[in-house]
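Peer 1: Basically our numbering = 1-based index in the sequence shown + 59.
Cβ atoms here follow ideal geometry from the backbone N, Cα and C, with glycine treated the same way.
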Amino acid sequence: MNLKIKVWRQEGPHVKGRFETYVAENVSPDMSFLEMLDVVNTRLEQEGKEPIAFDSDCREGICGTCGAVVNGRAHGPLRATTLCQVHMRHFNDGDTIVIEPFRAEAFPIVKDLVVGRSALDRIIRVGGYISVRTGEAPEAHAVAVSKRAAEEAMD
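Here it is as structure tokens:
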């Protein structure tokens, strides 16, 4: 599929930012959102342009480093899913996708989609945490398989 992506570009924390539009061509519905950004960045580098800066670490839905706002929603169109676990099948051919960084005073924009996380790092360093009931949270990178399908696979 082919997509138009409008990405927030900002060269530094004290520089005025702007949206730039790019075309993501031949995107597989099975790609993750970050893989799609990797493809766009590869093309930008081949053209001698600056790639889009974004954070990612585990790419398994665990660390939360990959945060961004997609079409006005934190982490994209799915509820309780990190951006790296959003697949392009949740978008349609020809869609325009708007991608921007989180905007909060505690998390200043460093570059493009990268935000400063030092406020959160300070809380973690002193042992602070927020308790959240996670009993219903799915396991990271889990794919539900029905009992019947599991039994047939073992035959």
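1. Which word fits His73, buried or exposed, when buried means at least 16 other C-beta atoms lie within 10 angstroms of its C-beta?
2. Going residue by residue through the segment 124-177, where are the continuous alpha helix (DSSP H) segments of at least 4 residues, counting only ones entirely within it?
3. Just curious, the alpha helix (DSSP H) that Phe92 is in, first and last residue?
4. With Ala83 as the anchor, note down where its beta strand (DSSP E) starts and where it stops.
5. Would Ile156 and Leu62 qualify as a contact pair, given that the criterion is a beta-carbon distance under 8 Å?
6. Is the segment 170-179 touching the segment 101-119 in the sense that three or more CB pairs, one from each, lie closer than 8 Å?
7. Does the beta-carbon distance from Ser205 to His146 come in below 8 Å?
8. Given this structure, state the Cα-to-Cα distance separating Leu179 from Ala127, to the nearest angstrom.
9. Have a look at the DSSP bridge pairing and note the partners of Ile121.
10. By Cβ distance below 6 Å, which residues in the same chain neighbour Cys240 in space, the five residues on each side in sequence not counted?
11. By Cβ distance, which residues of its chain are closer than 8 Å to Thr140, with the 5 residues on each side in sequence left out?
12. Skipping 5 residues on each side, what residues in its chain have a beta carbon closer than 6 Å to that of Gln144?
13. When DSSP labels each residue in this structure, what does Ile111 get in the three-state scheme?
14. Please look up how many angstroms separate the CB atoms of Phe166 and Gly153, rounded, as I've assumed it's under 8 Å.
15. Rounding to the nearest angstrom, what Cα-Cα distance links Pro160 and Glu79 in this structure?
Peer 2: Taking the definition as stated:
1. Burial call: exposed.
2. Taking only runs of at least 4 residues, no alpha helix (DSSP H) segment lies wholly in the segment 124-177.
3. Start and end: 92-105.
4. It spans 77-83 - the beta strand (DSSP E) in which Ala83 sits, taken as one unbroken run.
5. Yes, they are a contact pair.
6. Yes, the segment 101-119 touches the segment 170-179.
7. Cβ atoms of Ser205 and His146: not closer than 8 Å.
8. Taken atom to atom, the span from the alpha-carbon of Leu179 to that of Ala127 is near 16 Å.
9. According to DSSP, which records beta bridges pairwise, Ile121 is partnered with nothing at all.
10. The structure shown does not extend to residue 240, since the chain is modelled only from 60 through 214, so no value can be given for it.
11. Closer than 8 Å at the Cβ level, and outside the excluded window around Thr140, lie Gly120, His134.
12. Only Gly120 meet the Cβ criterion.
13. Looking at Ile111 - three-state DSSP - the assignment turns out to be coil, as it is neither helix nor strand.
14. In this structure Phe166 does not touch Gly153 by the C-beta definition: roughly 32 Å separates them, more than the 8 Å allowed.
15. The alpha-carbon atoms of Pro160 and Glu79 are separated by roughly 14 Å.
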